[in-house]
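J.: Below is the structure I would like to discuss, written out as structure tokens.
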Amino acid sequence: MFKKPLPDFTIEDTYPICINFIDNDSVKTYMVNMQDHVYAQSEKYLELIRQSKLEELDIPAIFNIPIDADGKKSKTHENNWFVKLYKYYFSKNDIKYTKINQFYNRIKLDGFTSSKSKRCCYCNNHKIEVVDHFLPESKYIFLAVNPINLVPSCEECNDNKHAYSPDSSKPVLVHPYFDDIDHISWLDVRLSERVKDEAENKYIYSFEYFVKKLDQCPISVERIEKTFMQLKINNNITFDAQNFFNTELIYDLSDPSELGNISSVDLALHFKKKSERLIIQGYGVNHWKVVLYEMLSTFVDFSYFKENPL
126 MFKKPLPDFT IEDTYPICIN FIDNDSVKTY MVNMQDHVYA QSEKYLELIR
176 QSKLEELDIP AIFNIPIDAD GKKSKTHENN WFVKLYKYYF SKNDIKYTKI
226 NQFYNRIKLD GFTSSKSKRC CYCNNHKIEV VDHFLPESKY IFLAVNPINL
276 VPSCEECNDN KHAYSPDSSK PVLVHPYFDD IDHISWLDVR LSERVKDEAE
326 NKYIYSFEYF VKKLDQCPIS VERIEKTFMQ LKINNNITFD AQNFFNTELI
376 YDLSDPSELG NISSVDLALH FKKKSERLII QGYGVNHWKV VLYEMLSTFV
426 DFSYFKENPL
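Be aware that the sequence shown starts at 126, since it is given in the numbering used here, and climbs by one per residue.
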């Protein structure tokens, strides 16, 4: 997880453009009349997120969708249009809607058009593929096209997050626009298992990533843990870590032409430098490879890995 800069545009830029695309005059008038309510909820969102109290964000009755005779939400009520603004216009990759879709692309492509990271700000690993609603638009309909609620992420984190809603009894997820934990080393890894693959005649190493117990942190560690678990970040990064270690690094440790003839003391120093170099290159202190190298730098004896049969 790492902090992303807030978009340099607001709901007051996106909402009016969206509703101008509505063809139905009656619906358009309704949405225009709802504008002040939408802006008010945006201000409340900002106020609460800065206080780490987003779970207190209410849904005013004016945004309710009535229940029809079948006990289901009415599909014809004008409030359905808040989500349609996002689906039909904001996220629509169509030249007809370029004026509004540009904002979607500016959120999604920030990492590609600037020096900022191209990686998902949740897992710090996979490529940005989608724009995620931090709070679900299906529930908080007034946030459907609000830039402060739209975060670029990878497909996996977006899927694992599901329709997350804050709960007063549980920690609130880390918000990439407002929570800065970039310089706090909260991610750690442990070697969890070594199993011999009889067919391949080699050992397979397994790792487990987890959130450290911290004495000091700008936000509660429980929020980091909640985000880590909700988005299944361990599953996300462990696959890449184990694949890297078992298909590349373990062979380098046994190969005399690579790292095989280096002493354990020098190997520990080697991995420490690799970790530091990746941080300088912009991966951050909580990237899985940085943390893996850091863990390896603490070993005093690498013979355990060099036992791997080639």
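Here a beta-carbon is modelled for each residue, glycine too, at the ideal position from N, C-alpha and C.
Indicate the three-state DSSP secondary structure (helix, strand or coil) for Pro132 in the structure shown.
T.: Taking the first residue of the sequence shown as position 1, residue 132 is located at position 7. The answer is coil: DSSP assigns Pro132 none of H, G, I, E or B.
J.: Should the stretch 215-228 be called in touch with the stretch 141-154, which here means at least 3 C-beta pairs below 8 Å?
T.: Yes: the two stretches touch, three or more of their Cβ pairs being nearer than 8 Å.
J.: Evaluate Lys415 with the Cβ neighbour count: other Cβ atoms within 10 Å of its Cβ, from every protein chain shown; 16 or more gives buried, anything less gives exposed.
T.: What you label residue 415 is simply residue 290 of the sequence shown in a count that begins at 1. Just to set this straight, residue 415 is Val in the shown sequence, not Lys. The residue is buried, with at least 16 neighbouring Cβ atoms inside 10 Å.
J.: To the nearest angstrom, report how far apart Gln367 and Val297 are at their CA atoms.
T.: In the sequence shown, residue 367 corresponds to position 242, counting from 1. In the sequence shown, residue 297 corresponds to position 172, counting from 1. Those two C-alpha atoms are separated by around 30 Å.
J.: Is Ser400 closer than 7 Å to Asp426 when the C-beta atoms are compared?
T.: Locating residue 426 in the sequence shown gives position 301, where the first residue counts as 1. Locating residue 400 in the sequence shown gives position 275, where the first residue counts as 1. It is not a contact, given that the beta carbons lie outside the stated cut-off.
J.: Where does Lys295 sit, in a helix, a strand or coil, going by DSSP?
T.: Translated into positions along the sequence shown, residue 295 becomes position 170. Looking at Lys295 - three-state DSSP - the assignment turns out to be coil, as it is neither helix nor strand.
J.: May I ask you to report which of helix, strand or coil DSSP gives Ser240?
T.: In the sequence shown, the residue the question calls residue 240 occupies position 115. The predicted model places Ser240 with a pLDDT of 43, which falls under 50 and marks its position as unreliable, so this point remains unresolved.
J.: Are Ser379 and Lys327 touching if we call contact CB-CB under 7 Å?
T.: Taking the sequence shown and counting its residues from 1, the one referred to as residue 379 is at position 254. Taking the sequence shown and counting its residues from 1, the one referred to as residue 327 is at position 202. Cβ distance not < 7 Å, so Ser379 and Lys327 don't count as in contact.
J.: Taking all protein chains shown into account, do 16 or more other C-beta atoms lie within 10 angstroms of the C-beta of Tyr265, making it buried, or fewer, making it exposed?
T.: To locate residue 265, count along the sequence shown from 1; it is residue 140. By the 10 Å Cβ count, Tyr265 comes out buried.
J.: Return the residue from the list Glu262, Pro277, Leu268 that minimises the CA-CA distance to Arg231.
T.: In the sequence shown, counting from the first residue as 1, residue 231 sits at position 106. Nearest of Glu262, Pro277, Leu268 to Arg231, Cα basis: Pro277.
J.: Within the same chain, show all residues whose beta-carbon is closer than 6 Å to that of Leu275, passing over the 5 residues directly before and after it, in chain order.
T.: As a position in the sequence shown, residue 275 is number 150, starting the count at 1. The answer, listed in chain order, is Ile232, Val256.
J.: With H, G and I counted as helix, E and B as strand and the rest as coil, what does DSSP make of Phe332?
T.: Residue 332 sits at position 207 when you count from the first residue of the sequence shown. Looking at Phe332 - three-state DSSP - the assignment turns out to be strand.
J.: Just to confirm, are Pro291 and Leu173 a CB contact at a threshold of 7 Å?
T.: Position 166 of the sequence shown, counted from the first residue, corresponds to residue 291. Position 48 of the sequence shown, counted from the first residue, corresponds to residue 173. No, the pair does not count as a contact, with Cβ atoms beyond the cut-off.
J.: Let me confirm a value: Asn371 is counted as buried when at least 16 other C-beta atoms fall within 10 Å, else exposed. Which label applies?
T.: Within the sequence shown, residue 371 is the residue found at index 246, counting from 1. Asn371 should be labelled buried.
J.: So for Ile192, helix, strand or coil by DSSP?
T.: Locating residue 192 in the sequence shown gives position 67, counting from the first residue. DSSP places Ile192 in strand when its eight states are reduced to three.
J.: Measure the Cβ-Cβ separation of Asp391 and Glu383 and say whether it is below 7 Å.
T.: Along the sequence shown, one-based indexing puts residue 391 at 266. Along the sequence shown, one-based indexing puts residue 383 at 258. Contact: no.
J.: For the candidate residues Asp304, Leu312, Asp322, Trp206, whose alpha-carbon lies nearest to that of Gln160?
T.: For the purposes of this step, residue 160 is taken as the residue at position 35 of the sequence shown. It is Trp206 whose Cα lies nearest to the Cα of Gln160.
J.: How is Asp138 classed by DSSP in three states: helix, strand or coil?
T.: Against the sequence shown, residue 138 aligns to sequence position 13. Looking at Asp138 - three-state DSSP - the assignment turns out to be helix.
J.: Have a look at the DSSP bridge pairing and note the partners of Arg348.
T.: Here the question's residue 348 lines up with position 223 in the sequence shown. DSSP, once it has assigned bridges, lists no residue as partnering Arg348.
J.: Using the three-state DSSP reduction, which class does Ser278 fall into: helix, strand or coil?
T.: As a first step, residue 278 is located in the sequence shown; it is residue number 153 there, counting from the start. In the structure shown, Ser278 sits in a strand (DSSP, three-state: E or B).
J.: Within 10 angstroms of its Cβ, does Phe364 collect 16 or more other Cβ (buried), or is it exposed?
T.: For the purposes of this step, residue 364 is taken as the residue at position 239 of the sequence shown. The residue in question, Phe364, is exposed, as its Cβ has fewer than 16 Cβ neighbours within 10 Å.
J.: Can you have a look at Ser240 and say buried or exposed, based on whether 16 or more other CB atoms are within 10 angstroms of its CB?
T.: What you label residue 240 is simply residue 115 of the sequence shown in a count that begins at 1. Confidence is the limiting factor: at Ser240 the pLDDT is only 43, short of 50, which leaves the residue's position unreliable and the question unanswerable from this model.
J.: Could you check if Arg315 is buried or exposed, using at least 16 other CB atoms within 10 Å of its CB as the buried criterion?
T.: As a first step, residue 315 is located in the sequence shown; it is residue number 190 there, counting from the start. Burial call: exposed.
J.: What is the C-beta distance between Asp313 and Phe332, in whole angstroms, given that I count them as a contact (C-beta under 8 Å)?
T.: In the sequence shown, counting from the first residue as 1, residue 313 sits at position 188. In the sequence shown, counting from the first residue as 1, residue 332 sits at position 207. Not really, about 11 Å apart at Cβ, beyond 8 Å.
J.: How is the alpha helix (DSSP H) around Lys431 delimited, first residue to last?
T.: Here the question's residue 431 lines up with position 306 in the sequence shown. Run containing Lys431: 428-431, per the alpha helix (DSSP H) assignment.
J.: Please list, in chain order, all residues of the same chain as Asn250 whose beta carbon is under 7 Å from its beta carbon, the five residues on each side excluded.
T.: As a first step, residue 250 is located in the sequence shown; it is residue number 125 there, counting from the start. Closer than 7 Å at Cβ, skipping near neighbours: Arg244, Asn361, Ile362, Asp365, Trp413.
J.: Run the CB neighbour count on Glu323, radius 10 Å, all protein chains shown included, and call it buried at 16 or more, exposed below.
T.: Sequence index remark: in the sequence shown, residue 323 carries index 198 (1-based). Result: exposed.
J.: Give every residue of the same chain whose Cβ lies closer than 7 Å to the Cβ of Lys286, excluding the five residues on either side of it in the sequence, and list them in chain order.
T.: Here the question's residue 286 lines up with position 161 in the sequence shown. Closer than 7 Å at Cβ, skipping near neighbours: Asp257, Gln355, Leu356.
J.: In whole angstroms, what is the alpha-carbon distance linking Pro272 and Ile136?
T.: Working through the sequence shown from its first residue, we reach residue 272 at position 147. Working through the sequence shown from its first residue, we reach residue 136 at position 11. If you take the alpha carbons of Pro272 and Ile136, they lie about 6 Å apart.
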